[in-house]
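**Q**
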Amino acid sequence: MAFVLQMLEMGKRKSWFHSLNPNAKLIWWLFMIVVPILVTNPFFLLAVTVAIWLMSIGAGIGKQMYKFLIVTYPIMVGFIVILWPFFYAATPDQHFLFNWSVFHYSLEGFIYALAMGMRIVLALTACTFFVMTTDLMDLASSLGEFLQNKLKISYMYPLMIISSFKFLPELGGDYQTIVESFKSRAMDLDKGSFAQRLKKYIPIAIPLIDSMLRRATQIAIALELKAFNSANKSRTFYRHHPFRWRDVVFMLLGVLTIVLSILIKQLGWGAVEMYL
Amino acid sequence: MPEPIIQVDHLYYKYDTRDTYAVEDVNLTIEKGEFVAIIGQNGSGKTTMVKHFNGLHKPTKGRVIVEGKDTKDLLTSDLARSVGYVFQNPDHQIFAETVLDEVSFGPKNLGFSEEHIKEVVNKVLEEMALSGKEEDMPFQLSRGQRQRLAVASVLAMEPSILIIDEPTTGQDWRESIALMELVNELNRKGHTCIVTTHNMNLVSLYARRVIVMRQAKIALDGPTQDVFREVDELRKAAIKPPDVYALTEAIYPGIKLDKPILPDDLAELIIRNQKVGR
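Quick mapping for you: the protein sequence lines, in order, are chains E and U.
Going by the working numbering, 262 is the number at position 255 of the first sequence; the sequence numbering is gapless.
Going by the working numbering, 171 is the number at position 98 of the second sequence; the sequence numbering is gapless.
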């Protein structure tokens, strides 16, 4: 939870990447999600991931991104590497490390799983970069402005989604305080087996749910009191997020990556080689 | 002979998400049995500092010694036996179905015997005026009662140091006084009490020592009556002392006070001086 809060806090920093239009970053992020769908070549995916890391250093969030991803990468990749080979179609020419009945684990399956893990790594890195360089309220406002003015879609919908993120820091703050209050009453959350530790979180959930419900009610009342979603549909926006050249350049970076992905795919280098 | 119970030695603390220190080069000794109020603007570092006393925060630099032990080596759950911490919002700690379960939660975690738990729970419920409510649902209690329940559930662990963070938030004057009276009573019984608050009138009424925090540092530290007369320093910390201090200073400039002054004390002083023709 603390990590999530830190990630959201990062979005408020100042850098060239932070100053970009949130919609441009959203579009870039969507491109980065498409890249691992188009291409499975781990070296290409690795190159794109490294590029994002370099951008994160430029944005001054490298340290925080490292702290988050150093924990998340092994979990995600480890999970895939352990499970995926069991579902990799077995053929007699594979190098089996384990083969019993329908259960098999081959070197080819392992390599393929690593490549699949690389896809997750890229998606995760892009997602983390996007969250850490974007203020979620700015995103809500720019997205809302775009949806309302260009697509005639109510601002309520993006606000509903983004609000849930926006209040994450406050919810996280409540969670932190609740955990601290339980620790102060001699509850050691780190001791015991996994099941025992899980059980210790049940008492924590109760005040957290209470706090969430209170907050949700307060927000609903506050929004209504400020005439949110009233009969007047022509809502105006205090902050405008125009598209500037830098936003176009940033989006073009995403387009360039997609073009490269398609090119690599067309040249036949887009898939995983077995290297065996 | 005063016995130090908390020693803070060149304490620095920085949150991961911030570039500046939330607590910077703080040095402090709190003696056993003191009643200390820590005051300051929001964000001045008072809560961050007191969270070091029960190990919720570990120093970025420096040391915090509680009852002779460095908190760096101890978990909050280990320190809970010595340091009780009551949070600002009682709803952040209430979870049990009954008052009894809520109060006995801490002692159970500390491994108290069943008999001892029964004894201590009855005692604190009586002290907190919650006797007879053992089977009540905590969430159905009034805000004042929930605040007292939060204090009771901490006191049940029999800590020698009691930290209360903003004890009067969301309470009316009568409830605030009642709670502070309880804290004062605990102090008289030997507990070391540390209160962080914005309520200067309550500080004046109860605290014998005041620590003013400003921009992560201690700006003033001394007996209540002395600190409240440092008007210029207090102004820098955006603190307005109770009016009685300004009035006393205006009537008797430079008068030496040996205890915190209350309106009744000033009235008595005026009458006494009038009698002797001053």
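Glycine residues also receive a C-beta, built at the ideal position from the N, C-alpha and C atoms.
#1: Is it the case that the stretch 211–223 of chain E contacts the stretch 180–198 of chain E, given that we only count it when at least three CB pairs across the two stretches are under 8 Å?
#2: Verify whether the separation of the beta carbon atoms of E:H248 and E:S149 is less than 8 Å.
#3: Can you pull the DSSP bridge partners for E:S113?
#4: Curious, which full-length beta strand (DSSP E) runs of at least 3 residues does the stretch 89–156 of chain U contain?
#5: Classify U:L255 as buried or exposed, calling it buried when 16 or more other Cβ atoms lie within 10 Å of its own Cβ.
#6: If you measure from the beta carbon of U:Q166 to each beta carbon in chain E, is any gap under 8 Å?
#7: Quick check on the DSSP output: the alpha helix (DSSP H) that includes U:D338 runs from which residue to which?
#8: Run through chain E and tell me which residues come within less than 7 Å of U:D89, C-beta to C-beta.
#9: Any beta carbon from chain U within less than 8 Å of E:D142's own beta carbon?
#10: Does the separation of the CB atoms of U:V317 and U:P336 fall below 8 Å?
#11: Taking just the CA atoms, how far does E:I89 sit from E:Y95?
#12: Can you give me, in chain order, the residues of the stretch 203–219 of chain E that have a beta carbon less than 7 Å from any beta carbon in chain U?
#13: Could you compute how far the alpha carbon of U:D26 sits from the alpha carbon of U:S277?
#14: Using the DSSP secondary-structure output, state which residues sit across from U:G295 in a beta bridge.
#15: Starting from the C-beta of U:P70, find all residues in its chain whose C-beta is less than 6 Å away, skip the five residues before and the five after it, and write them out in chain order.
#16: What does the alpha-carbon distance come out to for the pair U:V193 and U:R91?
#17: Looking only at its own chain, which residues have a Cβ that is under 7 Å from the Cβ of E:L121, when we skip the five neighbours before and after it?
#18: What does the alpha-carbon distance come out to for the pair U:E188 and U:M273?
#19: Report the residue from U:F212, U:G106 and U:G157 whose alpha carbon sits nearest the alpha carbon of U:L129.
#20: If we define contact as Cβ-Cβ less than 8 Å, is U:N115 a contact residue for chain E?
#21: Name, please, each residue of chain E whose Cβ falls closer than 8 Å to the Cβ of U:F185.
#22: For the stretch 160–189 of chain E, which residues have a CB atom closer than 8 Å to at least one CB atom of chain U, in sequence order?
#23: With 8 Å set as the bound, which would you pick, yes or no: does the beta-carbon of U:L222 sit closer than that to a beta-carbon of chain E?
#24: Residues in its own chain within less than 8 Å of E:N106 by CB, not counting five upstream and five downstream?
#25: Check each residue of the stretch 141–162 of chain U: if its Cβ is closer than 9 Å to any Cβ of chain E, include it; give the result in chain order.
#26: Does the CB of U:V227 have a neighbour CB from chain E at under 8 Å?
#27: Which residues in the same chain as E:I265 place their Cβ atom closer than 8 Å to its Cβ, once the five residues preceding and following it in sequence are excluded?
#28: In this structure, what does DSSP give as the bridge partners for E:T47?
#29: Please say whether U:E199 and U:L173 have beta carbons closer to each other than 8 Å?
**A** In short, the structure shows the following:
#1: With a cut-off of 8 Å, the stretch 211–223 of chain E and the stretch 180–198 of chain E count as touching, because enough Cβ pairs lie within range.
#2: As a first step, residue 248 of chain E must be located in the first sequence, where it is residue number 241. As a first step, residue 149 of chain E must be located in the first sequence, where it is residue number 142. Cβ atoms of E:H248 and E:S149: closer than 8 Å.
#3: Here residue 113 of chain E refers to the residue found at position 106 when the first sequence is read from its first residue. As computed with DSSP, E:S113 is found in a beta bridge with E:F103.
#4: 96–104, 108–113 and 134–139, all fully within the stretch 89–156 of chain U.
#5: Position 182 of the second sequence, counted from the start, is the residue given in the question as residue 255 of chain U. Classification of U:L255: buried, given that the 10 Å Cβ count is 16 or more.
#6: If you number the second sequence from 1, residue 166 of chain U lands on position 93. Yes, contact with chain E.
#7: For this step, residue 338 of chain U is matched to residue 265 along the second sequence. Unbroken alpha helix (DSSP H) run through U:D338: P336 to K348.
#8: Along the second sequence, one-based indexing puts residue 89 of chain U at 16. The CB of U:D89 comes closer than 7 Å to the CB of Q13 in chain E, given here in chain order.
#9: In the first sequence, the residue the question calls residue 142 of chain E occupies position 135. Not an interface residue.
#10: In the second sequence, the residue the question calls residue 317 of chain U occupies position 244. In the second sequence, the residue the question calls residue 336 of chain U occupies position 263. A Cβ-Cβ contact shorter than 8 Å links U:V317 with U:P336.
#11: As a first step, residue 95 of chain E is located in the first sequence; it is residue number 88 there, counting from the start. As a first step, residue 89 of chain E is located in the first sequence; it is residue number 82 there, counting from the start. The alpha-carbon atoms of E:Y95 and E:I89 are separated by roughly 12 Å.
#12: For the stretch 203–219 of chain E, which is checked against every Cβ of chain U, the residues closer than 7 Å are P210, I213, P214, D217 and S218.
#13: Since the displayed chain U opens at 74 and closes at 351, residue 26 of chain U lies outside it and no answer follows.
#14: Within the second sequence, residue 295 of chain U is the residue found at index 222, counting from 1. Note: U:G295 sits in a beta bridge opposite U:V283.
#15: This structure leaves residue 70 of chain U out entirely; chain U is present only between 74 and 351.
#16: Counting from one through the second sequence, the residue named residue 193 of chain U turns up at place 120. Counting from one through the second sequence, the residue named residue 91 of chain U turns up at place 18. Cα-Cα distance, rounded: 42 Å.
#17: The sequence position of residue 121 of chain E within the first sequence is 114, counting from 1. Same-chain partners within the cutoff: P49 and V88.
#18: Sequence index remark: in the second sequence, residue 188 of chain U carries index 115 (1-based). Sequence index remark: in the second sequence, residue 273 of chain U carries index 200 (1-based). For U:E188 and U:M273, the distance between alpha carbons rounds to 41 Å.
#19: For the purposes of this step, residue 129 of chain U is identified with residue 56 of the second sequence, where counting begins at 1. Nearest C-alpha to U:L129: U:G157.
#20: Position 42 of the second sequence, counting from 1, holds the residue named residue 115 of chain U. Judged by the 8 Å Cβ criterion, U:N115 is not in contact with chain E.
#21: The count along the second sequence starts at 1 and reaches residue 185 of chain U at position 112. Against U:F185, chain E offers no close residue; the least beta-carbon distance is about 10 Å (beta-carbon pairs closer than 8 Å).
#22: If the cut-off is 8 Å between Cβ atoms, the stretch 160–189 of chain E has D181, T184, I185, E187, S188 and F189 near chain U.
#23: As a first step, residue 222 of chain U must be located in the second sequence, where it is residue number 149. It does not: the Cβ of U:L222 has no partner Cβ on chain E nearer than 8 Å.
#24: Along the first sequence, read from residue 1 onward, the residue named residue 106 of chain E stands at position 99. Setting aside the 5 residues that flank it on each side, E:N106 is surrounded in the same chain by A97, Y112 and S113, each with a C-beta closer than 8 Å to its C-beta; the list follows chain order.
#25: From the stretch 141–162 of chain U, only L148, T149, S150, D151, L152, A153, R154, V156, G157, Y158, V159, F160, Q161 and N162 have a Cβ closer than 9 Å to chain E.
#26: Counted from its first residue, the second sequence places residue 227 of chain U at position 154. Yes, U:V227 counts as interfacial toward chain E.
#27: The residue given as residue 265 of chain E occupies position 258 in the first sequence. Annotation for E:I265: F38, V41, V42 and L45 place their beta carbon closer than 8 Å to its own, counting only its chain and skipping 5 residues before and after.
#28: Stepping through the first sequence from its first residue, residue 47 of chain E is reached at position 40. The partner list for E:T47 (beta bridge, DSSP) is empty, contrary to what the question assumes.
#29: Residue mapping note: residue 173 of chain U aligns to position 100 of the second sequence, counting from 1. Residue mapping note: residue 199 of chain U aligns to position 126 of the second sequence, counting from 1. Cβ atoms of U:L173 and U:E199: not closer than 8 Å.
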